[in-house]
Amino acid sequence: MPAEEHPRAPSRWYGVGLSAGLGLVAWQLGQWFPLVGGPVMGILLGMLWRNVLGVSPVFVPGIGYSSRQVLKWSIIGLGFGLSLGQVLHTGASSLSVTLVTLATAFAAAWGLGRCLGMTGHLRTLIGVGTAICGGSAIAAVAPIVRPDDHDTALAISAIFLFNIVAVLVFPFLGHWMGLSDAGFGLWAGTAINDTSSVVAAGYSYSTAAGDIATIVKLTRATLIIPVCIVLALWTAWRARHAETRVSLAQIFPWFIFWFLVASGVRTLGLVPDVLIQPLQVASQFLIIMALTAIGLSSDLRRMALAGWRPLLLGLGVWVAVAASSLAMQWLLDSL
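Residue numbers are given in our numbering: position 9 of the sequence shown equals residue 85, and the series is strictly consecutive.
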(Lines of atoms letter the chains of each structure in order from A and count residues from 1; the text may use other names and numbers.)
(Lines give C-alpha, C1' and ligand atoms only; values in the text may rest on other atoms or scores of the structure.)
Protein backbone atom coordinates (compact mmCIF):
# COMPACT_ATOMS: atom_id res chain seq x y z
CA MET A 1 0.00 0.00 0.00
CA PRO A 2 1.56 3.29 -1.03
CA ALA A 3 2.46 5.71 1.71
CA GLU A 4 -0.06 8.45 2.24
CA GLU A 5 1.06 11.74 0.71
CA HIS A 6 0.98 14.72 2.98
CA PRO A 7 0.64 18.23 1.55
CA ARG A 8 3.58 20.49 2.11
CA ALA A 9 3.20 22.84 5.05
CA PRO A 10 3.65 26.57 4.38
CA SER A 11 7.23 27.66 4.85
CA ARG A 12 8.97 31.01 4.64
CA TRP A 13 11.69 29.53 2.44
CA TYR A 14 9.35 28.51 -0.38
CA GLY A 15 8.13 32.06 -0.90
CA VAL A 16 11.61 33.55 -0.42
CA GLY A 17 12.95 31.15 -3.04
CA LEU A 18 10.18 31.98 -5.50
CA SER A 19 10.69 35.73 -4.99
CA ALA A 20 14.46 35.39 -5.41
CA GLY A 21 14.16 33.20 -8.51
CA LEU A 22 11.75 35.51 -10.29
CA GLY A 23 13.85 38.43 -9.04
CA LEU A 24 16.91 37.04 -10.84
CA VAL A 25 14.89 36.80 -14.05
CA ALA A 26 13.67 40.37 -13.57
CA TRP A 27 17.27 41.50 -12.91
CA GLN A 28 18.39 40.04 -16.24
CA LEU A 29 15.40 41.47 -18.11
CA GLY A 30 16.26 44.85 -16.62
CA GLN A 31 19.76 44.54 -18.06
CA TRP A 32 18.30 43.80 -21.49
CA PHE A 33 15.64 46.53 -21.27
CA PRO A 34 17.23 49.33 -19.18
CA LEU A 35 14.48 51.81 -20.02
CA VAL A 36 12.07 49.59 -18.06
CA GLY A 37 14.55 48.42 -15.42
CA GLY A 38 14.70 45.49 -13.04
CA PRO A 39 12.35 46.85 -10.34
CA VAL A 40 9.47 47.35 -12.78
CA MET A 41 10.19 43.97 -14.38
CA GLY A 42 10.02 42.40 -10.91
CA ILE A 43 6.58 43.83 -10.18
CA LEU A 44 5.26 42.84 -13.62
CA LEU A 45 6.64 39.29 -13.39
CA GLY A 46 5.19 38.85 -9.92
CA MET A 47 1.78 40.11 -10.98
CA LEU A 48 1.81 37.91 -14.08
CA TRP A 49 2.68 34.82 -12.03
CA ARG A 50 0.04 35.55 -9.37
CA ASN A 51 -2.83 36.33 -11.70
CA VAL A 52 -2.13 33.74 -14.43
CA LEU A 53 -0.54 30.77 -12.65
CA GLY A 54 -1.71 31.49 -9.11
CA VAL A 55 0.24 31.19 -5.86
CA SER A 56 0.01 28.11 -3.65
CA PRO A 57 -0.55 28.73 0.10
CA VAL A 58 2.87 27.20 0.83
CA PHE A 59 4.49 30.27 -0.72
CA VAL A 60 2.45 32.90 1.12
CA PRO A 61 4.56 33.30 4.33
CA GLY A 62 7.79 33.74 2.39
CA ILE A 63 6.24 36.15 -0.09
CA GLY A 64 4.99 38.32 2.77
CA TYR A 65 8.40 38.17 4.42
CA SER A 66 10.16 39.16 1.19
CA SER A 67 7.84 42.08 0.49
CA ARG A 68 8.34 43.55 3.97
CA GLN A 69 11.61 42.51 5.59
CA VAL A 70 13.74 42.11 2.48
CA LEU A 71 12.67 45.56 1.34
CA LYS A 72 13.85 47.03 4.65
CA TRP A 73 17.22 45.30 4.31
CA SER A 74 17.60 46.72 0.81
CA ILE A 75 16.94 50.25 2.06
CA ILE A 76 19.48 49.81 4.86
CA GLY A 77 22.00 48.55 2.32
CA LEU A 78 21.51 51.66 0.20
CA GLY A 79 22.66 53.70 3.20
CA PHE A 80 26.19 52.33 2.78
CA GLY A 81 26.38 54.17 -0.55
CA LEU A 82 25.31 57.59 0.75
CA SER A 83 27.10 60.04 2.99
CA LEU A 84 25.29 61.20 6.11
CA GLY A 85 25.71 64.82 5.03
CA GLN A 86 23.93 64.10 1.73
CA VAL A 87 21.12 62.32 3.54
CA LEU A 88 20.55 65.13 6.05
CA HIS A 89 20.80 67.89 3.43
CA THR A 90 18.37 66.21 1.04
CA GLY A 91 15.94 65.35 3.80
CA ALA A 92 15.91 68.89 5.21
CA SER A 93 15.60 70.57 1.81
CA SER A 94 12.60 68.39 0.89
CA LEU A 95 10.65 69.09 4.08
CA SER A 96 8.69 72.08 2.77
CA VAL A 97 7.42 70.14 -0.25
CA THR A 98 6.66 67.13 1.94
CA LEU A 99 4.56 69.16 4.38
CA VAL A 100 2.54 70.72 1.55
CA THR A 101 1.82 67.33 0.00
CA LEU A 102 0.85 65.99 3.42
CA ALA A 103 -1.69 68.78 3.93
CA THR A 104 -2.96 68.36 0.37
CA ALA A 105 -3.54 64.62 0.87
CA PHE A 106 -5.65 65.10 4.00
CA ALA A 107 -7.63 67.99 2.50
CA ALA A 108 -8.34 66.09 -0.72
CA ALA A 109 -9.28 62.91 1.15
CA TRP A 110 -11.71 64.81 3.38
CA GLY A 111 -13.31 66.90 0.61
CA LEU A 112 -13.51 64.31 -2.16
CA GLY A 113 -14.44 61.57 0.31
CA ARG A 114 -17.44 63.60 1.51
CA CYS A 115 -18.54 64.18 -2.08
CA LEU A 116 -18.35 60.44 -2.75
CA GLY A 117 -20.21 59.60 0.45
CA MET A 118 -17.30 57.64 1.96
CA THR A 119 -17.05 56.85 5.66
CA GLY A 120 -14.80 58.96 7.87
CA HIS A 121 -12.57 55.97 8.61
CA LEU A 122 -12.04 55.20 4.93
CA ARG A 123 -11.25 58.85 4.17
CA THR A 124 -8.71 58.87 6.98
CA LEU A 125 -7.04 55.63 5.90
CA ILE A 126 -6.71 56.63 2.25
CA GLY A 127 -5.52 60.12 3.23
CA VAL A 128 -2.85 58.76 5.56
CA GLY A 129 -1.80 56.05 3.12
CA THR A 130 -1.38 58.53 0.28
CA ALA A 131 0.24 61.21 2.41
CA ILE A 132 2.90 59.12 4.12
CA CYS A 133 3.78 55.55 3.27
CA GLY A 134 0.96 53.50 1.81
CA GLY A 135 0.02 50.26 3.50
CA SER A 136 2.52 50.76 6.32
CA ALA A 137 0.81 54.00 7.36
CA ILE A 138 -2.61 52.39 7.14
CA ALA A 139 -1.41 49.55 9.38
CA ALA A 140 -0.02 52.08 11.86
CA VAL A 141 -3.19 54.17 12.21
CA ALA A 142 -5.75 51.36 12.03
CA PRO A 143 -5.43 50.46 15.76
CA ILE A 144 -5.95 54.13 16.58
CA VAL A 145 -9.02 55.00 14.49
CA ARG A 146 -10.37 51.42 14.71
CA PRO A 147 -12.03 50.98 11.32
CA ASP A 148 -13.74 47.75 10.40
CA ASP A 149 -11.76 45.22 8.39
CA HIS A 150 -13.71 46.01 5.24
CA ASP A 151 -12.62 49.68 5.24
CA THR A 152 -9.02 48.68 5.90
CA ALA A 153 -9.04 46.21 3.01
CA LEU A 154 -10.60 48.77 0.65
CA ALA A 155 -8.02 51.41 1.57
CA ILE A 156 -5.07 49.05 1.13
CA SER A 157 -6.42 47.86 -2.25
CA ALA A 158 -6.84 51.43 -3.52
CA ILE A 159 -3.41 52.51 -2.31
CA PHE A 160 -1.69 49.42 -3.70
CA LEU A 161 -3.21 49.86 -7.15
CA PHE A 162 -1.86 53.37 -7.54
CA ASN A 163 1.54 52.32 -6.23
CA ILE A 164 1.77 49.94 -9.19
CA VAL A 165 0.51 52.58 -11.61
CA ALA A 166 3.05 55.09 -10.29
CA VAL A 167 5.99 52.77 -10.89
CA LEU A 168 4.90 52.36 -14.51
CA VAL A 169 3.95 55.95 -15.41
CA PHE A 170 6.10 58.26 -13.26
CA PRO A 171 9.41 57.67 -15.09
CA PHE A 172 7.68 58.20 -18.44
CA LEU A 173 6.03 61.41 -17.23
CA GLY A 174 9.29 62.62 -15.72
CA HIS A 175 11.14 62.26 -19.02
CA TRP A 176 8.22 63.81 -20.89
CA MET A 177 8.31 66.86 -18.61
CA GLY A 178 12.10 67.01 -18.78
CA LEU A 179 12.59 66.78 -15.02
CA SER A 180 16.12 66.78 -13.68
CA ASP A 181 17.32 63.87 -11.57
CA ALA A 182 16.86 66.00 -8.45
CA GLY A 183 13.43 67.19 -9.56
CA PHE A 184 12.19 63.71 -10.34
CA GLY A 185 13.65 62.28 -7.14
CA LEU A 186 11.83 64.90 -5.08
CA TRP A 187 8.61 64.36 -7.05
CA ALA A 188 8.71 60.58 -6.68
CA GLY A 189 9.70 60.79 -3.01
CA THR A 190 6.79 63.08 -2.12
CA ALA A 191 4.07 61.90 -4.52
CA ILE A 192 4.30 58.10 -4.62
CA ASN A 193 2.78 56.27 -1.67
CA ASP A 194 4.79 53.20 -0.75
CA THR A 195 8.54 53.07 -0.14
CA SER A 196 8.98 50.14 -2.52
CA SER A 197 7.27 52.01 -5.37
CA VAL A 198 9.29 55.17 -4.69
CA VAL A 199 12.53 53.20 -4.88
CA ALA A 200 11.43 51.38 -8.04
CA ALA A 201 10.36 54.54 -9.87
CA GLY A 202 13.39 56.52 -8.69
CA TYR A 203 16.01 54.02 -9.79
CA SER A 204 14.15 53.37 -13.04
CA TYR A 205 14.72 57.06 -13.82
CA SER A 206 18.40 57.19 -12.81
CA THR A 207 20.69 56.21 -9.97
CA ALA A 208 20.91 59.82 -8.78
CA ALA A 209 17.11 60.19 -8.85
CA GLY A 210 16.76 56.93 -6.95
CA ASP A 211 19.13 58.08 -4.20
CA ILE A 212 17.24 61.35 -3.76
CA ALA A 213 13.81 59.73 -3.93
CA THR A 214 14.80 57.20 -1.26
CA ILE A 215 16.06 59.86 1.15
CA VAL A 216 13.00 62.07 0.61
CA LYS A 217 10.67 59.10 1.12
CA LEU A 218 12.37 58.06 4.35
CA THR A 219 12.11 61.63 5.64
CA ARG A 220 8.42 61.60 4.76
CA ALA A 221 7.90 58.23 6.48
CA THR A 222 9.01 59.63 9.85
CA LEU A 223 5.96 61.90 9.80
CA ILE A 224 3.87 58.86 10.70
CA ILE A 225 4.82 59.55 14.32
CA PRO A 226 3.26 63.05 14.70
CA VAL A 227 0.31 62.01 12.52
CA CYS A 228 -0.44 59.01 14.76
CA ILE A 229 -0.16 61.16 17.88
CA VAL A 230 -2.58 63.76 16.48
CA LEU A 231 -5.04 61.05 15.39
CA ALA A 232 -4.84 59.42 18.83
CA LEU A 233 -5.58 62.72 20.57
CA TRP A 234 -8.44 63.46 18.17
CA THR A 235 -9.94 59.98 18.62
CA ALA A 236 -9.67 60.20 22.40
CA TRP A 237 -11.23 63.69 22.45
CA ARG A 238 -14.17 62.59 20.29
CA ALA A 239 -14.75 59.61 22.57
CA ARG A 240 -14.19 61.80 25.67
CA HIS A 241 -11.82 59.32 27.28
CA ALA A 242 -8.11 58.62 27.33
CA GLU A 243 -8.07 54.96 26.39
CA THR A 244 -6.45 55.57 23.02
CA ARG A 245 -2.70 55.47 23.44
CA VAL A 246 0.18 55.44 20.99
CA SER A 247 3.35 53.37 21.36
CA LEU A 248 6.16 55.28 19.68
CA ALA A 249 8.34 52.16 19.68
CA GLN A 250 5.71 50.29 17.68
CA ILE A 251 4.92 52.94 15.07
CA PHE A 252 8.46 54.22 14.52
CA PRO A 253 9.92 52.90 11.21
CA TRP A 254 13.12 51.49 12.69
CA PHE A 255 14.66 50.60 9.34
CA ILE A 256 15.10 54.36 8.80
CA PHE A 257 17.26 54.50 11.93
CA TRP A 258 19.44 51.66 10.62
CA PHE A 259 19.63 53.37 7.21
CA LEU A 260 21.08 56.41 8.98
CA VAL A 261 23.50 54.17 10.90
CA ALA A 262 24.68 52.62 7.63
CA SER A 263 25.14 56.07 6.13
CA GLY A 264 27.07 57.16 9.22
CA VAL A 265 29.34 54.12 8.95
CA ARG A 266 30.05 55.04 5.32
CA THR A 267 30.72 58.68 6.23
CA LEU A 268 33.22 57.68 8.92
CA GLY A 269 35.11 55.59 6.37
CA LEU A 270 34.52 52.32 8.22
CA VAL A 271 33.42 50.48 5.08
CA PRO A 272 36.34 49.40 2.83
CA ASP A 273 36.06 50.83 -0.68
CA VAL A 274 36.21 47.33 -2.12
CA LEU A 275 32.88 46.51 -0.43
CA ILE A 276 30.93 49.57 -1.56
CA GLN A 277 30.10 48.28 -5.04
CA PRO A 278 29.10 44.74 -3.90
CA LEU A 279 26.87 46.25 -1.19
CA GLN A 280 25.13 48.49 -3.73
CA VAL A 281 24.62 45.59 -6.14
CA ALA A 282 23.23 43.41 -3.35
CA SER A 283 20.86 46.20 -2.26
CA GLN A 284 19.63 46.68 -5.83
CA PHE A 285 18.90 42.95 -6.16
CA LEU A 286 17.09 42.86 -2.81
CA ILE A 287 14.94 45.77 -4.04
CA ILE A 288 14.01 43.79 -7.17
CA MET A 289 13.33 40.67 -5.07
CA ALA A 290 11.07 42.61 -2.68
CA LEU A 291 9.16 44.23 -5.54
CA THR A 292 8.73 40.83 -7.18
CA ALA A 293 7.17 39.61 -3.92
CA ILE A 294 4.85 42.61 -3.91
CA GLY A 295 3.79 41.68 -7.45
CA LEU A 296 3.18 38.13 -6.25
CA SER A 297 0.86 39.58 -3.58
CA SER A 298 -1.25 41.61 -6.02
CA ASP A 299 -4.60 39.96 -6.65
CA LEU A 300 -6.17 41.97 -9.48
CA ARG A 301 -9.52 40.20 -9.07
CA ARG A 302 -9.73 41.28 -5.44
CA MET A 303 -8.93 44.86 -6.41
CA ALA A 304 -11.72 44.82 -8.96
CA LEU A 305 -14.18 43.75 -6.27
CA ALA A 306 -13.30 46.80 -4.14
CA GLY A 307 -15.72 48.97 -6.11
CA TRP A 308 -15.21 52.23 -7.94
CA ARG A 309 -15.64 54.77 -5.10
CA PRO A 310 -12.55 53.83 -3.03
CA LEU A 311 -10.51 53.67 -6.23
CA LEU A 312 -11.81 57.07 -7.36
CA LEU A 313 -10.99 58.54 -3.95
CA GLY A 314 -7.49 57.04 -4.06
CA LEU A 315 -6.98 58.38 -7.58
CA GLY A 316 -8.20 61.86 -6.71
CA VAL A 317 -6.01 62.16 -3.61
CA TRP A 318 -2.98 60.78 -5.46
CA VAL A 319 -3.37 63.21 -8.38
CA ALA A 320 -3.78 66.13 -5.96
CA VAL A 321 -0.60 65.15 -4.10
CA ALA A 322 1.41 64.68 -7.33
CA ALA A 323 0.23 68.06 -8.65
CA SER A 324 0.97 69.87 -5.38
CA SER A 325 4.50 68.44 -5.33
CA LEU A 326 5.19 69.71 -8.85
CA ALA A 327 3.61 73.07 -8.04
CA MET A 328 5.79 73.52 -4.95
CA GLN A 329 8.91 72.60 -6.89
CA TRP A 330 7.96 75.10 -9.60
CA LEU A 331 7.49 77.82 -6.97
CA LEU A 332 10.84 76.92 -5.40
CA ASP A 333 12.48 76.68 -8.85
CA SER A 334 13.81 73.20 -8.06
CA LEU A 335 12.53 71.26 -11.08
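The C-beta atom is built at its ideal place from N, Cα and C for all residues, glycine as well.
Reduced DSSP category for D424 - H, G, I as helix; E, B as strand; rest coil: Since the displayed the chain opens at 77 and closes at 411, residue 424 lies outside it and no answer follows.
Where the alpha helix (DSSP H) containing L388 begins and where it ends: For L388, the uninterrupted alpha helix (DSSP H) run begins and ends at W384 to L407, by DSSP.
Burial state of T283, where buried means 16 or more other Cβ atoms lie within 10 Å: Burial call: exposed.
Assigned exposure category for G122 - 16 Cβ within 10 Å defines buried: Flag for G122 reads buried.
Contact under 8 Å by Cβ, V221 with A213: Not in contact: V221 and A213 (Cβ atoms no closer than 8 Å).
Between the CA atoms of L201 and M194 - distance to the nearest angstrom: Cα to Cα, M194 sits roughly 11 Å from L201.
A207: first and last residue of the uninterrupted alpha helix (DSSP H) it sits in: DSSP places A207 outside any alpha helix (DSSP H), giving it a letter other than H or E.
Residue span of the alpha helix (DSSP H) that contains L129, given as start and end: Where L129 is concerned, there is no enclosing alpha helix (DSSP H), given that its DSSP letter is neither H nor E.
Nearest to L407 (by Cα), restricted to the options S172, W103 and G138: Scanning S172, W103 and G138 for the CA closest to the CA of L407 turns up S172.
Pair within 8 Å by beta-carbon distance, A338 and I152: The criterion of a C-beta distance shorter than 8 Å is satisfied by A338 and I152.
Cβ-based neighbour list, F238, same chain, cut-off 6 Å, excluding 5 preceding and 5 following: Answer for F238: G390 and W394, listed in chain order.
Segment contact, 8 Å Cβ cut-off, at least three pairs: the stretch 133–141 with the stretch 254–273: These segments do not touch.
Close-in-space but distant-in-sequence residues of the same chain around L355 (CB under 8 Å, 5 per side omitted): Only residues of its own chain outside the window of five on either side were considered, and among them G153, F156, G157 and V347 have a CB closer than 8 Å to the CB of L355, listed in chain order.
Any alpha helix (DSSP H) of 4 or more consecutive residues that is wholly inside the stretch 258–282: Counting only runs of at least 4 residues, the stretch 258–282 fully encloses the following alpha helix (DSSP H) elements, listed from N- to C-terminal order: 271–281.
Expected contact under 8 Å - CB spacing of G97 and P137 to nearest Å: 16 Å between Cβ atoms; not a contact.
S282: CB within 7 Å of a non-hydrogen atom of the ligand FMN: For the structure depicted, the ligand FMN is absent and the ligand set is empty, with no information on it obtainable.
Test item: CB-CB of I500 and G167 under 8 Å: Lying outside 77 to 411, the shown extent of the chain, residue 500 is not represented and no answer is given.
Exposure of G161, with buried meaning 16 or more beta-carbon neighbours within 10 Å: A residue is called buried once 16 or more other Cβ atoms fall within 10 Å of its Cβ, and G161, having fewer, is exposed.
Pair within 8 Å by beta-carbon distance, I240 and T206: Taking C-beta atoms as the reference points, I240 and T206 fail to come closer than 8 Å.
The alpha helix (DSSP H) enclosing R415, as first and last residue numbers: Coverage of the chain is limited to positions 77 through 411, which leaves residue 415 absent and any answer about it impossible.
Rounded separation between S169 and F260 - CA only: If you draw a straight line from the Cα of S169 to the Cα of F260, it is about 14 Å long.
Residues near G286 by beta carbon distance below 6 Å, same chain, minus five either side: Cβ neighbours of G286 beyond the five flanking positions: G278 and Y279.
Coarse secondary structure for R190, derived from DSSP in three states: Reduced to three states, the DSSP call for R190 is helix.
Coil, strand or helix - T311 by DSSP: Per DSSP, reduced to three states, the secondary structure at T311 is helical.
Opening and closing residue of the alpha helix (DSSP H) in which T368 lies: First-last of the alpha helix (DSSP H) with T368: D349 to L372.
Own chain residues within Cβ distance below 7 Å of L178, not counting five before or after: Hits under 7 Å: A207 and L299.
Given I352 as reference, the closest of S159, V217, R144 and S374 once Cα atoms are compared: Sorting S159, V217, R144 and S374 by C-alpha distance to the C-alpha of I352 places S159 at the top.
Validate contact between the stretch 115–129 and the stretch 355–371 using beta carbons, cut 8 Å, 3 pairs: Three or more Cβ pairs closer than 8 Å define a contact, and the stretch 115–129 meets that threshold against the stretch 355–371.
For R222, three-class secondary structure by DSSP: Taken through DSSP and simplified to helix, strand or coil, R222 comes out as coil.
Test item: CB-CB of V116 and V243 under 8 Å: Taking C-beta atoms as the reference points, V116 and V243 count as a pair closer than 8 Å.
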